[in-house]
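*Asks:* What follows is a structure written as structure tokens; I'll ask about it next.
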């Protein structure tokens, strides 16, 4: 077990390192002019020299990657317009277009993305699993077919279209905006409600099908028949004995989905005007803000790798039948 | 396809039932037509009414895309003429749908919406088909090689597959298309037509880069189990070159998973193209694209609902038809998944 975990951690770290080196190569070594693109259109020669010197662009590539890694570990100093800017560890670079350290920008964006995704997850887990259980209990009835059909239909409509139409037409929902949770939980929830419902209902469709399939399989097991034979209530059989076993495969799917959504909530963020990680990356794309772009990719891949690792480890704990050497 | 028969029940199911009886009783050679699993699956698909309706809808889209100039010509307009005389001083069109402009004109620029719409079918379909073709070829080749050769080749390729699958797809797609555009289009003086062309190609490259890995993993797994089978061992003993074993012996057995993956990938890439374009990270003007029209129309959704809803319906119906067709293809090739 321990060896398995260690091996998974090693492979996760290798993925992050390769992502770092590859994106560094892509953004700073490709035959482009990073200092020029960072500097923007109204670029003065002094500013250009500042940026070049700060990024050590005249040094060998290995040295540049080393500097970036050192910045992550202990921080580094950037120069802008004669002033020195300290970038504390973990330093992901300095955004010259916004005039702020990238770590701070990411730190502002991440809570927004996490709020959207976790709130949406609550919605789709509750609705999806309940609907799936109901459909599984009434398997083959009109209600079951209606639910499965609806869920297939919802899934076939592109998500960005759903998000766009909700954001345009669902004006009865509170206006979308992000207010920090700690300031006022009510305004926080109100501002995110539309995003939660959209993300939640669109995903609830697939969770209905997952949990229906898993539940049908579980309800066919022998121990469910035994539980029924003991004479306990149907409710107890379904929810205590059935759902508890049926939920394990759903938990795995949920873990992977959560990781994908944390790095891909960009449509929800963009349509509802919530400045999360995806919108930050999108803005960086439009302004060729290379340090922010690179940090977005890097943070995204760390989130994804860590989540996948957690899912794999949790799975061996949740399901004792999975034993890995 | 040569029947690579591995399942005894599909061996010879040709001429009706009496075929086999006859061949058992009479010594005269009886011509039996063997049905491959693919033909059986296609026959099953043909009986699926929803699948046939969806296939017809997709065919209509393909025809619209091919004959876009003809359709626009039928209306007497094209996708790039600006009709400023039909725009009032606030940028709103003064006409609705008329005999001359069937879907009306765009606010602000005044381009004909029907022409933009029919031409808009093109990038969606071209991107989806191109990316699906590229990813399928790369995925199949990588999966075959990794699964069949084993050893360090397999380890390197598997690691590569895992790497691509664990990258944050959307963030990376946006970031790398920024870099691709900077590399190829950064050399100033490029006209807007050229930049649009570069964005088109770079979108295909980026989507292809992320698309091949899941199919490669699937094919690799299948090959791992197939390569232990007798017919592969027999081919090896006969001294057939590896390339021929891969493409003549193994590939025909992988038709079902590949067809299923293709049919599910197509709608995915239509959505990816439109989605990235709506975000501003995909295609750009002056390419006529539904995604671009949608993102421009969100500001006018109350004043001019038709402007927004035509491309939205265009995308949604296409994706709906493609996905339902994909589900039907999966059911036809693998009856166990039938709902």
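Protein chains in written order, with this note's numbering: chain B, 168 to 492; chain Z, 160 to 498.
We put the beta carbon where it would ideally sit given N, CA and C, even for glycine.
Give a yes or no on whether 8 angstroms exceeds the smallest Cβ distance from residue 443/Z to chain B.
*Replies:* For the purposes of this step, residue 443/Z is identified with residue 284 of the second chain, where counting begins at 1. Not one chain B Cβ lies under 8 angstroms of residue 443/Z.
*Asks:* Is residue 489/Z helix, strand or coil when you go by DSSP?
*Replies:* Numbered from its first residue, the second chain carries residue 489/Z at position 330. In the structure shown, residue 489/Z sits in a helix (DSSP, three-state: H, G or I).
*Asks:* Out of 229/Z, 336/Z, 357/Z and 299/Z, point me to the one whose CA is closest to residue 446/Z's CA.
*Replies:* Here residue 446/Z refers to the residue found at position 287 when the second chain is read from its first residue. Of the candidates 229/Z, 336/Z, 357/Z and 299/Z, the one whose C-alpha sits nearest the C-alpha of residue 446/Z is 357/Z.
*Asks:* Can you tell me whether DSSP reads residue 210/B as helix, strand or coil?
*Replies:* Reading the first chain from its first residue, position 43 is the one you call residue 210/B. Residue 210/B: coil per DSSP, three-state reduction.
*Asks:* Using a threshold of 8 angstroms, state whether the C-beta atoms of residue 336/Z and residue 440/Z are closer than that.
*Replies:* Taking the first residue of the second chain as 1, we reach residue 336/Z at position 177. Taking the first residue of the second chain as 1, we reach residue 440/Z at position 281. In this structure, residue 440/Z lies closer than 8 angstroms to residue 336/Z by Cβ.
*Asks:* Can you pull the chain B residues whose beta carbon is under 9 angstroms from the beta carbon of residue 478/Z, in chain order?
*Replies:* Your numbering for residue 478/Z matches position 319 in the second chain. Simply 323, 324, 325 and 328.
*Asks:* Would residue 252/Z be called buried (16 or more neighbouring beta carbons within 10 Å of its own) or exposed?
*Replies:* Locating residue 252/Z in the second chain gives position 93, counting from the first residue. Residue 252/Z is buried by the Cβ-count criterion.
*Asks:* In chain B, which residues lie with their C-beta within 8 angstroms of the C-beta of residue 457/Z?
*Replies:* Position 298 of the second chain, counted from the first residue, corresponds to residue 457/Z. 331 and 335, listed in chain order.
*Asks:* Could you tell me whether any Cβ in chain Z is nearer than 8 angstroms to the Cβ of residue 455/B?
*Replies:* Reading the first chain from its first residue, position 288 is the one you call residue 455/B. Chain Z, which has a Cβ nearer than 8 angstroms to the Cβ of residue 455/B, makes this yes.
*Asks:* May I ask you to verify whether the stretch 278-298 of chain B touches the stretch 359-366 of chain B, counting CB pairs closer than 8 angstroms and requiring at least 3?
*Replies:* Yes, they touch.
*Asks:* Hey, how far is the Cα of residue 163/Z from the Cα of residue 197/Z?
*Replies:* Walking along the second chain from the start, residue 163/Z turns up at place 4. Walking along the second chain from the start, residue 197/Z turns up at place 38. The predicted model places residue 163/Z with a pLDDT of 46, which falls under 50 and marks its position as unreliable; any figure quoted below should be read in that light. Cα-Cα distance, rounded: 11 angstroms.
*Asks:* Under a three-way DSSP split, which group does residue 261/B fall into?
*Replies:* Numbered from 1 along the first chain, position 94 holds the residue referred to as residue 261/B. In the structure shown, residue 261/B sits in a strand (DSSP, three-state: E or B).
*Asks:* Does chain Z have any CB closer than 8 angstroms to the CB of residue 430/B?
*Replies:* Position 263 of the first chain, counting from 1, holds the residue named residue 430/B. So yes, residue 430/B belongs to the interface.
*Asks:* When DSSP labels each residue in this structure, what does residue 162/Z get in the three-state scheme?
*Replies:* Numbered from its first residue, the second chain carries residue 162/Z at position 3. With a pLDDT of 45 at residue 162/Z, under the threshold of 50, the modelled position of that residue is not reliable, and the figure given next carries that caveat. Correct three-state label for residue 162/Z: coil.
*Asks:* Counting only beta-carbon separations shorter than 8 angstroms, does residue 291/Z have a partner in chain B?
*Replies:* On the second chain, residue 291/Z is found 132 positions in, with the first residue counted as 1. No, residue 291/Z does not count as interfacial toward chain B.
*Asks:* Between residue 385/B and residue 409/B, how many whole angstroms is the CB-CB distance? I'm expecting something under 8 angstroms.
*Replies:* In the first chain, counting from the first residue as 1, residue 385/B sits at position 218. In the first chain, counting from the first residue as 1, residue 409/B sits at position 242. With 8 angstroms as the limit, residue 385/B and residue 409/B qualify as a contact, their Cβ atoms being about 5 angstroms apart.
*Asks:* Tell me, please, whether the CB atom of residue 325/Z is closer than 8 angstroms to any CB atom in chain B?
*Replies:* Walking along the second chain from the start, residue 325/Z turns up at place 166. Cβ-Cβ to chain B under 8 angstroms: yes for residue 325/Z.
*Asks:* When the cut-off is 8 angstroms and only beta carbons count, does residue 191/B lie next to chain Z?
*Replies:* Taking the first residue of the first chain as 1, we reach residue 191/B at position 24. So, not an interface residue.
*Asks:* In chain Z, what lies closer than 9 angstroms to residue 277/B by C-beta?
*Replies:* Your numbering for residue 277/B matches position 110 in the first chain. Per Cβ cutoff of 9 angstroms: no residues; residue 277/B is ~13 angstroms from chain Z at best.
*Asks:* When you compare the CB positions of residue 340/B and residue 444/B, do they come within less than 8 angstroms of one another, or not?
*Replies:* For the purposes of this step, residue 340/B is taken as residue 173 along the first chain, with counting starting at 1. For the purposes of this step, residue 444/B is taken as residue 277 along the first chain, with counting starting at 1. Result no, Cβ atoms of residue 340/B and residue 444/B do not sit closer than 8 angstroms.
*Asks:* Give a yes or no on whether the C-beta atoms belonging to residue 474/Z and residue 325/B are separated by under 8 angstroms.
*Replies:* Taking the first residue of the second chain as position 1, residue 474/Z is located at position 315. Taking the first residue of the first chain as position 1, residue 325/B is located at position 158. Against a cut-off of 8 angstroms, the Cβ pair of residue 325/B and residue 474/Z comes out as a contact.
*Asks:* Can you give the Cα-Cα distance for residue 375/Z and residue 319/Z, rounded to whole angstroms?
*Replies:* In the second chain, the residue the question calls residue 375/Z occupies position 216. In the second chain, the residue the question calls residue 319/Z occupies position 160. Residue 375/Z and residue 319/Z: Cα-Cα distance of roughly 10 angstroms.
*Asks:* Would you give the residue range spanned by the alpha helix (DSSP H) that residue 269/Z belongs to?
*Replies:* Looking up residue 269/Z in the second chain gives position 110. Segment: none, residue 269/Z is in no alpha helix (DSSP H) and carries neither H nor E.
*Asks:* Drop a sphere of 10 angstroms on the beta-carbon of residue 311/Z, count the other beta-carbons inside from all chains shown, and report buried for 16 or more, exposed for fewer.
*Replies:* Here residue 311/Z corresponds to residue number 152 of the second chain, with the count starting at 1. With fewer than 16 Cβ atoms within 10 Å of its Cβ, residue 311/Z is classed as exposed.
*Asks:* What's the C-alpha gap between residue 188/B and residue 238/Z?
*Replies:* Taking the first chain and counting its residues from 1, the one referred to as residue 188/B is at position 21. Taking the second chain and counting its residues from 1, the one referred to as residue 238/Z is at position 79. Each residue's Cα considered, the two are about 44 angstroms apart.
*Asks:* Excluding the five sequence neighbours on either side, which residues of its own chain have a C-beta within less than 6 angstroms of the C-beta of residue 315/Z, listed in chain order?
*Replies:* Looking up residue 315/Z in the second chain gives position 156. The answer is none, since no qualifying residue turns up.
*Asks:* Let me know if residue 314/B comes out buried or exposed under the rule of 16 or more other beta-carbons within 10 Å of its beta-carbon.
*Replies:* Translated into positions along the first chain, residue 314/B becomes position 147. Residue 314/B should be labelled buried.
*Asks:* If residue 343/B and residue 358/B are in contact, beta carbons under 8 angstroms, what's the gap, nearest whole angstrom?
*Replies:* Your numbering for residue 343/B matches position 176 in the first chain. Your numbering for residue 358/B matches position 191 in the first chain. Going by Cβ atoms, the distance from residue 343/B to residue 358/B rounds to 6 angstroms, so yes, they are a contact pair.
*Asks:* Please confirm if the stretch 275-289 of chain Z is in contact with the stretch 425-433 of chain Z, defined as three or more CB-CB distances below 8 angstroms between the two stretches.
*Replies:* These segments touch.
*Asks:* Taking all protein chains shown into account, do 16 or more other C-beta atoms lie within 10 angstroms of the C-beta of residue 176/Z, making it buried, or fewer, making it exposed?
*Replies:* What you label residue 176/Z is simply residue 17 of the second chain in a count that begins at 1. Unreliable placement is indicated for residue 176/Z, whose pLDDT of 44 sits below 50; no coordinate value is reported for it.
*Asks:* Please state whether DSSP places residue 186/B in a helix, a strand or coil.
*Replies:* One-based indexing of the first chain puts residue 186/B at position 19. Note: residue 186/B maps to helix in three-state DSSP.
*Asks:* Going along chain B in order, which residues have a C-beta closer than 9 angstroms to the C-beta of residue 223/Z?
*Replies:* Here residue 223/Z refers to the residue found at position 64 of the second chain. Those do not exist, as residue 223/Z stays about 19 angstroms from chain B at its closest Cβ, beyond 9 angstroms.
*Asks:* Rank 271/Z, 322/Z and 215/Z by C-alpha distance to the C-alpha of residue 181/B and give the top, closest one.
*Replies:* Within the first chain, the letter at position 14 stands for residue 181/B. The option with the nearest alpha carbon to residue 181/B is 322/Z.
*Asks:* Find the nearest neighbour of residue 373/Z within the set 420/Z, 465/Z and 364/Z, judged by alpha-carbon distance.
*Replies:* By one-based count along the second chain, residue 373/Z stands at place 214. Per the Cα distances, 420/Z.
*Asks:* DSSP state of residue 251/B, grouped into three classes?
*Replies:* Position 84 of the first chain, counting from 1, holds the residue named residue 251/B. DSSP places residue 251/B in strand when its eight states are reduced to three.
*Asks:* With distances taken from CA atoms, which of 211/Z, 233/Z, 218/Z and 278/Z is nearest residue 469/Z?
*Replies:* Counted from its first residue, the second chain places residue 469/Z at position 310. The shortest Cα separation from residue 469/Z among 211/Z, 233/Z, 218/Z and 278/Z belongs to 278/Z.
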